[in-house]
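What follows is a set of notes on a single structure, which appears directly below.
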Amino acid sequence: MVPVNKYVLPCLICSVIAVIYMGSIRISTPNHDATRESVYLQAIGIGTAIIFSLSILLMTGHVTPKVLIPSFYLDLIPIGLIIILFSGPIIDRYMAGDLWDVQASDSSPFYTFLRINVFGPAGEEYVYRFLMTLVLTPCGDEHLTVFISSVLFSLSHFPGDFIKLVLGGAKLPWITIVFHLLQTFLFGCYNCAIYLRCQCLASVIVVHSICNWMGLPQIDRIFTNAYLAIITVLGLSLFTILSFTYLTSSNEQRRPTRLSQVPLEDNQSDDL
Numbered sequence: 118m119v120p121v122n123k124y125v126l127p128c129l130i131c132s133v134i135a136v137i138y139m140g141s142i143r144i145s146t147p148n149h150d151a152t153r154e155s156v157y158l159q160a161i162g163i164g165t166a167i168i169f170s171l172s173i174l175l176m177t178g179h180v181t182p183k184v185l186i187p188s189f190y191l192d193l194i195p196i197g198l199i200i201i202l203f204s205g206p207i208i209d210r211y212m213a214g215d216l217w218d219v220q221a222s223d224s225s226p227f228y229t230f231l232r233i234n235v236f237g238p239a240g241e242e243y244v245y246r247f248l249m250t251l252v253l254t255p256c257g258d259e260h261l262t263v264f265i266s267s268v269l270f271s272l273s274h275f276p277g278d279f280i281k282l283v284l285g286g287a288k289l290p291w292i293t294i295v296f297h298l299l300q301t302f303l304f305g306c307y308n309c310a311i312y313l314r315c316q317c318l319a320s321v322i323v324v325h326s327i328c329n330w331m332g333l334p335q336i337d338r339i340f341t342n343a344y345l346a347i348i349t350v351l352g353l354s355l356f357t358i359l360s361f362t363y364l365t366s367s368n369e370q371r372r373p374t375r376l377s378q379v380p381l382e383d384n385q386s387d388d389l
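Counted from 1, the sequence shown has number 170 at position 53 by this note's numbering; the numbering is strictly sequential.
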């Protein structure tokens, strides 16, 4: 059993980082539109939040400058898994002619794409996967690392209308909020587990971007076509089996990304 007190300070630090990250974005782009100015401001907000977060981690001694640059080699397995999962919806959107359409109602598709598929995934994966796992994994339990970072990731995706709902303004169904929280929590768990397995930030950024690009599949449209329904079910089944196999593979197969993770014998042999 993992001592709870080991996680108090790391959880507090991660919570502060999450608040700083979401606060910076909310302040820089309060309307969440997709104009050029708002996208630039979002990038500035993300950069500011990351700088503040790194300062906190460095001052508290939870990280050193050596480990702040993630590995950007591209592990293709997580990307292949997510494409298998969306195989049915991808074919469905291709047949409908909207495969490359940006899934948003904003007037600027290019800046919408940058906001949803580039800056958003890159910033969130760096903060919630890379930085938070640096803080939480030394406590010794990867399951708690996945859970804590995913809870914070999910809470940071509270719909913007939640405050209005609490204050009695906007009419936003509670089921929508609960579904949104559950959806982002499950995605956070999966992507965090993938990151802990492959230690590749570029891969989880691409996975996040693909999920944002696809959005929620048109289930009613897919299951009116027998072939699409079969492909979708097969894709989901293969994704489940292959993801389980990938995530439960032995630690010896994991690629070391930091000197502390490399076996001593390997370090000695490199020096000879």
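Yeah, the Cβ is synthetic: ideal placement off N, Cα and C, and Gly gets one too. Keep in mind that this is a model prediction, so the values were computed, not measured.
Reducing DSSP to helix, strand and coil, say where residue i ends up.
| i | result |
| --- | --- |
| residue 273 | coil |
| residue 182 | helix |
| residue 374 | Low per-residue confidence applies at residue 374: pLDDT is 42, beneath 50, and the placement is therefore not dependable, though the value from the model is reported in the following sentence. Correct three-state label for residue 374: coil. |
| residue 340 | coil |
| residue 334 | coil |
| residue 255 | helix |
| residue 387 | Because the pLDDT at residue 387 is just 46, under 50, the model does not fix this residue reliably, and the point stays unresolved. |
| residue 351 | helix |
| residue 140 | helix |
| residue 146 | coil |
| residue 152 | coil |
| residue 172 | helix |
| residue 214 | coil |
| residue 177 | coil |
| residue 190 | coil |
| residue 366 | coil |
Check for me: the alpha helix (DSSP H) holding residue i runs from which residue to which?
| i | result |
| --- | --- |
| residue 198 | 193-202 |
| residue 308 | 291-315 |
| residue 230 | 226-230 |
| residue 238 | 237-241 |
Cα-Cα, which of the options is closest to residue i?
| i | options | result |
| --- | --- | --- |
| residue 268 | 299, 248, 174, 258 | 299 |
| residue 362 | 310, 241, 204 | 310 |
| residue 181 | 340, 248, 301, 320 | 248 |
| residue 328 | 201, 158, 129, 351 | 201 |
| residue 316 | 195, 352, 337 | 195 |
| residue 275 | 264, 265, 291 | 291 |
| residue 139 | 244, 256, 122 | 244 |
| residue 132 | 364, 218, 235, 272 | 272 |
Is residue i close to the ligand SAM? I mean its beta-carbon at under 7 Å from any heavy atom of the ligand.
| i | result |
| --- | --- |
| residue 212 | Looking at this structure, you won't find the ligand SAM or any other ligand, since it has none at all. |
If contacts are defined as beta-carbon pairs under 8 Å, then residue i and residue j qualify, I think. What distance do you get, rounded to the angstrom?
| i | j | result |
| --- | --- | --- |
| residue 142 | residue 162 | 5 Å |
| residue 334 | residue 206 | 4 Å |
| residue 242 | residue 325 | 6 Å |
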